[in-house]
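Notes for the one structure printed next.
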Amino acid sequence: MSGKATREKRPGSYRGSELLPVHLYILIHLKRAGVDYAKMIGKMSGLPLELITDAIGALLEIGLIERDPGSAVKRSKASFKKAFEVHKHHTYYRLSREGELFVRSIDERWLERYFNGLFPEGWNVVRALAQSRDVKEAGKKVNIDGETVEELRILIFITEKGRKTEFFKRLWEFLGV
């Protein structure tokens, strides 16, 4: 295995594994946090713990993240921690070297290909949703059909009522687009 992160031709995949938005969120969360544990990632994203732990398992398997060794975490290493040093009561995760390189390669062009690969006109829809109050308002800016609305629900970007989820808001914030 080489030390370089490789990009697949298909957006949303990494070495043959499909990257879902939850995987992307965890990678970016760990980039910003330094190290963190599943329950806190779930709490910050508003996603169920089971979904987060499944996604962490998949990211561990493809080598983009790794368990953080040791018995304590210093705030200098975990930027979301309030205390100077915390003794670990959970399993903490961090980006692997390969994960670091992959996250660094994510730019606006990559995101455009990624979201367009998820559903038709995905990038335009996601940007319109980010700039709108809900999916109805976003639909005034770009064409959003019923199939796209359903896809946005499946990806946990909108609620049943069409409002943006905490997960989507946090993902967009972390992407910094």
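Numbering (our numbering), first residue to last: 3 to 179.
All C-beta atoms in this analysis are idealised placements derived from N, C-alpha and C, irrespective of residue type, glycine included.
Nothing here was measured: the structure is a model prediction, and the numbers come from that model.
Would residue 97 and residue 29 be called neighbours here (beta carbons separated by less than 8 Å)?
yes
Outcome for residue 165 when other beta-carbon atoms lying within 10 angstroms are tallied against a minimum of 16:
exposed
Look at residue 58 and residue 95 and say whether their C-beta atoms are less than 8 Å apart.
yes
Can you check DSSP and say which residues form a bridge with residue 166?
160
Taking the beta strand (DSSP E) that residue 38 belongs to, which residues open and close that run?
37–39
Just mark residue 179 as buried or exposed, buried being the case when its beta carbon has 16 or more other beta carbons within 10 Å.
exposed
Do residue 121 and residue 153 have their C-beta atoms closer together than 8 Å?
yes
On the three-state DSSP scale, how would you describe residue 86?
Residue placement at residue 86 is poorly supported in this model, since its pLDDT is 46, which falls under 50; the coordinates still yield a value, given next. Looking at residue 86 - three-state DSSP - the assignment turns out to be coil, as it is neither helix nor strand.
Report the three-state DSSP secondary structure of residue 103 (helix, strand or coil).
helix
Start-to-end residues for the alpha helix (DSSP H) that takes in residue 53
51–64
Measure the CB-CB distance between residue 137 and residue 158 and report whether it falls below 8 Å.
no
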